């Protein structure tokens, strides 16, 4: 992507190549889901590295940070009234939608990022979902409903103005990860913009993994399902037996 | 204290789950029902994915039934032979139920099927119990002794066998049929089926009341154990952490409930249970008739 931008800039004979670029840090790139996991905050911070001072009178820089969760296939259904009761009538398959998506910016999204650039980099939520190649025919209302429902659940978030940007050089923001987090890789993209145009982009990944007992139980349930089922039954019978014995001892 | 459930992949307050288990345990201790018909809809409300809720409540019923079965075995109120015949029908019905469940899941109508089953069966059973307990209360007051019919169409069928503990000599077809129906419902609704099984045993098979609860517990424990294994191996939707919390709350609630239960008159108990069943039924029926807040819903595939 950066090579492409450089090429583009050279071709158009504009400003000298890559005068400002992103240097990034994450508070950590691993999130551990433990038994008592209750959501988490990831601090995304970085700096703008300059080869030369910005041109005099240039518009201020903007920063856009997009964190996406693992993709999942979904079915969106629409209810309709049949014979007096509400029944799922129409359905649309969405091949891949992020289980989590957050966009944080330094200001109103449309001012920081033009719609052309949004289309090119698929940053905003509707663009990110369409970019995956989901074909919903003429039922755009199903995609709108998906976004509306997931925004209400806190899975999709637009955090305009949530990125702090000190003296056009140091930026940082907190991305709150919800408690109902799916395991997987969370691609994180940072865009540096001026007047809505992307001048640098940076990509990294946050790894979300279950650990400890959570990891062990999940692996057992998927790798040895029969053994796991027997374990579940054994636990249930032991608990039932234990309770019965304990209360008999109490009474006797 | 928030707890992340490894299979459900949601974070839920541990005390809320203990409380839910306790509440359902209290009711099951009072009324002698498994409580599956309450716990599955309550888990939906808390935000547990439906597939995990149905599978895990089956596992929870194994635990609560096991401690009840031990008590019934000590009192010799279990008809093993009757339980086995019911179970054969039940396993068949459970397999059919899982097939129906998967078919309707593909069509997106599983919610509707589950809700309709709840409305029809809870409504019928609740209404019958209400009618019967109101009549019993009236009789107790006016001092009329209840008649017990000895013979009905059930006694005219072939393949008769002797159920010694129940003191019955009847065909195996009605118990097989009852078992099949209960197995079907158990797979679709995530319930043990006691609320169908117990009235069917009393009114249809004519079993003596004292062996009814023990025998239904016997059949339910094997049926729900089978359902748990089926869900664990095919869908990986049994969450042991969730099950343990529900069981822990449940066993404490059940003991308290049993104490309260002994202090109430049986016909009053049945009246209360009937009202409870009808309340759950009415709440689900309303959700079918009222326009949903959002016409659209999102559901992960698979």
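Chains as they are written, first to last, in our numbering: chain H, 1 to 252; chain X, 253 to 554.
Ideal placement from N, C-alpha and C gives every residue a C-beta, glycine not left out.
Remember, predicted model here, so these are calculated numbers, not experimental data.
Measuring CB to CB, does residue i end up less than 8 angstroms from residue j?
i: residue 319(X); j: residue 241(H); result: yes
i: residue 364(X); j: residue 88(H); result: yes
i: residue 309(X); j: residue 446(X); result: no
i: residue 313(X); j: residue 472(X); result: yes
i: residue 172(H); j: residue 43(H); result: yes
i: residue 278(X); j: residue 508(X); result: yes
i: residue 35(H); j: residue 198(H); result: no
i: residue 67(H); j: residue 206(H); result: yes
i: residue 112(H); j: residue 62(H); result: yes
i: residue 72(H); j: residue 53(H); result: no
What's the C-alpha gap between residue i and residue j?
i: residue 19(H); j: residue 122(H); result: 24 angstroms
i: residue 458(X); j: residue 372(X); result: 23 angstroms
i: residue 174(H); j: residue 41(H); result: 6 angstroms
i: residue 304(X); j: residue 83(H); result: 30 angstroms
i: residue 274(X); j: residue 342(X); result: 28 angstroms
i: residue 556(X); j: residue 37(H); result: Residue 556(X) lies beyond the stretch modelled for chain X, which goes from 253 to 554, so this question has no answer here.
i: residue 233(H); j: residue 110(H); result: 55 angstroms
i: residue 237(H); j: residue 475(X); result: 14 angstroms
i: residue 16(H); j: residue 101(H); result: Note on residue 16(H): pLDDT 45, under 50, position unreliable in the model; the coordinate value appears next. One C-alpha to the other measures close to 34 angstroms.
i: residue 520(X); j: residue 306(X); result: 31 angstroms
i: residue 10(H); j: residue 79(H); result: The pLDDT assigned to residue 10(H) is 44, lower than 50, so where the model puts this residue is not dependable, and the model offers no usable value.
i: residue 91(H); j: residue 224(H); result: 34 angstroms
i: residue 115(H); j: residue 56(H); result: 26 angstroms
i: residue 77(H); j: residue 551(X); result: 8 angstroms
i: residue 150(H); j: residue 419(X); result: 59 angstroms
i: residue 8(H); j: residue 195(H); result: Reliability fails at residue 8(H), whose pLDDT of 45 lies under 50, so the model's placement of it is uncertain and no value is given.
i: residue 228(H); j: residue 315(X); result: 16 angstroms
i: residue 357(X); j: residue 440(X); result: 11 angstroms
i: residue 266(X); j: residue 255(X); result: 6 angstroms
i: residue 546(X); j: residue 263(X); result: 24 angstroms
i: residue 231(H); j: residue 125(H); result: 42 angstroms
i: residue 247(H); j: residue 505(X); result: 12 angstroms
i: residue 13(H); j: residue 59(H); result: Caution applies to residue 13(H), whose pLDDT of 42 falls short of 50 and renders its modelled position unreliable; the value that the coordinates give is listed next. Between residue 13(H) and residue 59(H), the C-alpha separation is close to 20 angstroms.
i: residue 324(X); j: residue 349(X); result: 29 angstroms
i: residue 258(H); j: residue 190(H); result: Shown here, chain H extends from 1 to 252; a query on residue 258(H) therefore has no answer.
i: residue 295(X); j: residue 495(X); result: 11 angstroms
i: residue 412(X); j: residue 335(X); result: 16 angstroms
i: residue 388(X); j: residue 370(X); result: 26 angstroms
i: residue 251(H); j: residue 239(H); result: 18 angstroms
For a contact meaning CB atoms closer than 7 angstroms, what does residue i contact in chain H?
i: residue 540(X); result: 85, 86
i: residue 472(X); result: By Cβ distance, chain H contributes nothing, its closest Cβ being about 12 angstroms from residue 472(X), past 7 angstroms.
i: residue 354(X); result: Those do not exist, as residue 354(X) stays about 15 angstroms from chain H at its closest Cβ, beyond 7 angstroms.
i: residue 544(X); result: 79, 86
i: residue 374(X); result: Simply none; closest approach about 16 angstroms.
So which residues of chain X does residue i contact, with C-beta pairs closer than 7 angstroms?
i: residue 78(H); result: 547, 548
i: residue 186(H); result: Within 7 angstroms Cβ-Cβ: nothing; residue 186(H) doesn't reach chain X, min ~15 angstroms.
i: residue 72(H); result: 552
i: residue 225(H); result: 484, 485, 488
i: residue 145(H); result: 548
For a contact meaning CB atoms closer than 8 angstroms, what does residue i contact in chain H?
i: residue 327(X); result: Within chain H, no residue comes near residue 327(X); the closest Cβ sits about 13 angstroms away, beyond 8 angstroms.
i: residue 314(X); result: 233, 236, 237, 240
i: residue 497(X); result: Within 8 angstroms Cβ-Cβ: nothing; residue 497(X) doesn't reach chain H, min ~11 angstroms.
Out of the options, which has the shortest C-alpha to C-alpha gap to residue i?
i: residue 202(H); options: 220(H), 39(H), 45(H), 38(H); result: 45(H)
i: residue 282(X); options: 541(X), 499(X), 514(X), 489(X); result: 514(X)
i: residue 299(X); options: 269(X), 325(X), 439(X), 311(X); result: 269(X)
i: residue 33(H); options: 261(X), 542(X), 526(X), 297(X); result: 261(X)
i: residue 489(X); options: 258(X), 253(X), 353(X); result: 258(X)
i: residue 503(X); options: 347(X), 317(X), 383(X); result: 317(X)
i: residue 221(H); options: 463(X), 486(X), 387(X), 337(X); result: 486(X)
i: residue 200(H); options: 144(H), 53(H), 149(H), 65(H); result: 65(H)
i: residue 544(X); options: 211(H), 244(H), 86(H); result: 86(H)
i: residue 276(X); options: 267(X), 265(X), 291(X); result: 291(X)
i: residue 380(X); options: 450(X), 348(X), 324(X); result: 450(X)
i: residue 161(H); options: 107(H), 103(H), 68(H); result: 107(H)
i: residue 48(H); options: 24(H), 35(H), 67(H); result: 24(H)
i: residue 218(H); options: 481(X), 470(X), 492(X), 482(X); result: 492(X)
i: residue 375(X); options: 548(X), 289(X), 511(X); result: 289(X)
i: residue 339(X); options: 470(X), 383(X), 465(X), 460(X); result: 470(X)
i: residue 367(X); options: 548(X), 549(X), 539(X); result: 539(X)
Just to check my reading of the structure: residue i and residue j have Cβ atoms closer than 8 angstroms, yes? What is that Cβ distance to the nearest angstrom?
i: residue 182(H); j: residue 70(H); result: 6 angstroms
i: residue 271(X); j: residue 345(X); result: About 33 angstroms; that fails the 8 angstroms criterion.
i: residue 192(H); j: residue 22(H); result: 5 angstroms
i: residue 154(H); j: residue 187(H); result: Going by Cβ atoms, the distance from residue 154(H) to residue 187(H) rounds to 20 angstroms, so no, they are not a contact pair.
i: residue 129(H); j: residue 143(H); result: 6 angstroms
i: residue 526(X); j: residue 385(X); result: 6 angstroms
i: residue 146(H); j: residue 208(H); result: That pair is no contact at about 22 angstroms.
Whose Cβ in chain H lies nearer than 9 angstroms to the Cβ of residue i?
i: residue 256(X); result: 33, 34, 35, 36, 37, 38, 179, 180, 181, 210, 214
i: residue 503(X); result: 239, 240, 242, 243, 244, 246, 247
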